[in-house]
Amino acid sequence: MSMGTTAASSGPSHGSASIGGRYWRWLSVAVGIGSSVAILWPLSWDRRRDSFPLSPYPMFTWNRTHATVHAAVGSPHDAYRKAHRLEPRFIANDEVMLAAATVRRAIRRRGDAPRVLCEEIARRVAVSGSLEHLRWIALVSDTFNPLDYIERGSQASRRRVSARCRIPR
Amino acid sequence: MSTIRPDPRARAPVQPHLRLGVRTAAVQRWWWSPFPAERIAALRLITGLFAWVYVVVRSPSLLSATDFSRQRFEPIGPLGWLDAPPPDFAVYALLTTCIASGPLLILGWRHHVSGPIFAFAFMCCATYRSSWGMVFHTENILAIHLWVLAIAPSADRWSLDTRSGRSPGADVVTARAAQGYYGWSVRTLCLTTVLTYVLAGWAKIEYVGMRWITGEAMQMQIAYDNVRKLLSGASYSELGMWLAPHQSLLAVGACLTLGMELLAPVALFGPRLGWLWCLSVWVFHVAVLVLMAILFPYQLSGAAYVCFLRPESWHRLRRPLNRYFGPTGDAPARALDRCSNRRRAHCV
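Chains A and B are the protein sequences, given in the same order.
Taking my numbering, the leading residue of the first sequence gets 14, the next gets one more, and so forth.
Taking my numbering, the leading residue of the second sequence gets 27, the next gets one more, and so forth.
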């Protein structure tokens, strides 16, 4: 695979065997062009597509006027206006943004996905033995203007509940 | 014993060897620059060490994904062909392979095998981590750089292959360096880095356009990202929250960011331009960290940009490596130092 251990120069012989041999220059051109084309390939992708290790780097390219923050919340009653926001370890692992993305994906998928995630979170809360005062879990989406939130501390203009389930205690 | 060889870089300019026409002669000279073998070897050591430490530190996060519900698995990239998450033992085996092969790449032990194994295992581990609903963009360049280093002749110096005689001797390496045998791989690392930033800049132009230049898009992005993190319980930036309402200030930053990304190819036109661009892009990543609490470890550590510099001439790196790896390692690097001391235009 490596050209390093076997390829020799295309010029005068220096006493080393070669696989790239006289073609190492062509191979290096192929690697250079191939890697460049691969990196630029995402230009032709659909905007919503992202991947790894190739990516169109869409992180900062969305026209945002309102922010929707998805979260998993817990409540002692089947009401979620002032519910307790759950820690990421109940949703995915200790990575906060991964937990947020997990909730967002489940809500956007619709169908059974929100309910399945809700029940999974409820089981984790039950097993953990903490948050004893909570009885219900819900996946909620808060929509607001982030600049208004920063400047005036305004609350979410809308809270939508996508799934709710009881904690199996 | 070390033998001082003539400086390959001080020789007459390398003649292009592919008959692609007169117009490509300058490009060919650039592509096959007579860089010493120590440069790509130093890049192997630095990038490999960073990647290995990164994998070890991130391994708990990677393994925690084995507890996730199967329904959450959204495979991407090299794992896109999977219908279901790989079994736990496969993930453990992959991570073990990655952690075990990392030191082999760093030390350059049978590089033609250990290099591709580590690059492949790292790519699969990183892809697996990004296959659970959130694509992390912090490891893309690192994964690509590892592949280039794995394919390139990066273990002809400062490696166990050199110590054991599996690599070619000093005279062969010196002659190869003069012909640009090690130059193209350094150029490929630089090229892939630069193109990544051009792509990110182009995406801003294509999708956000004038709203980015006026600072509006960046303002909303910083506000959205910080509020989202604040409400999610993640680390957020107080400075970003304070700065978000000031669109005119952010417009300056947005234009500088776009310029830095779209003009990235200037870094390929010379060492000083390369150094300046590296500094500017590093400052950009510091700003991203300070204003949005987003950490790009490979970029912020500086390891991503070492390919634009001359790491083989750093005494603190060179001396221990020469001492450990062997008797033939320092001739071209010493010659390079003499070359750089004289500030000769054709040295880099």
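Even glycine gets a Cβ: it sits at the ideal position worked out from N, Cα and C.
Look at A:Val129: its C-beta is under 8 Å from a C-beta on chain B. In this structure, the CA atom of A:Ser64 is about 9 Å from the CA atom of B:Gly106. In chain order, Leu160, Ile163, Glu164 make up the part of chain A whose C-beta sits under 7 Å from the C-beta of B:Pro271. Under the three-pair Cβ rule at 8 Å, the stretch 242 to 257 of chain B does not count as touching the stretch 286 to 304 of chain B.
In the structure shown, B:Phe162 falls within a coil segment according to DSSP collapsed to helix, strand and coil. Three or more Cβ pairs closer than 8 Å define a contact, and the stretch 50 to 66 of chain B meets that threshold against the stretch 198 to 214 of chain B. Look at B:Gly328 here: in three-state DSSP terms it is coil, with no helix or strand label. By the 16-neighbour rule on beta-carbons within 10 angstroms, B:Met149 is buried. Residues of chain A with a Cβ closer than 9 Å to the Cβ of B:Arg189 do not exist; the shortest Cβ-Cβ separation is about 14 Å.
For a Cβ distance threshold of 8 Å, residue set Ser41, Val42, Gly45 of chain A lies close to B:Trp57, ordered along the chain.
In this structure, the CA atom of A:Asn106 is about 41 Å from the CA atom of B:Arg336.
At a cut-off of 8 Å between beta-carbon atoms, B:Gly103 makes contact with chain A.
Residue nearest to B:Val253 within the set B:Gly296, B:Pro271, B:Ser306 is B:Pro271 (criterion: CA-CA distance).
Contact check for B:Ala181 against B:Gly134 passes: the beta carbons are separated by less than 8 Å. In this chain, A:Gly87 is not harboured by any alpha helix (DSSP H); it is covered by the beta strand (DSSP E) spanning 80 to 88. With respect to the 8 Å criterion, A:His83 and A:Val44 are not classified as neighbours on the basis of their beta carbons. In the three-state reduction of the DSSP assignment, A:His146 falls in the coil class.
In chain A, no part has a C-beta under 9 Å from the C-beta of B:Leu69; the shortest such distance is about 13 Å. Chain-order list of chain A residues neighbouring B:Tyr250: Arg77, Ala80, Pro159, by C-beta distance under 7 Å. Between B:Asn166 and chain A, the shortest Cβ-Cβ separation is below 8 Å. Rounded to the nearest whole angstrom, the C-alpha separation of B:His341 and B:Phe351 is 15 Å. By the 16-neighbour rule on beta-carbons within 10 angstroms, A:Gly166 is exposed. In the three-state scheme derived from DSSP, where H, G and I count as helix and E and B as strand, B:Ser190 is classed as helix. Looking at the DSSP output, A:Asp155 bridges to A:Val82, A:Arg172.
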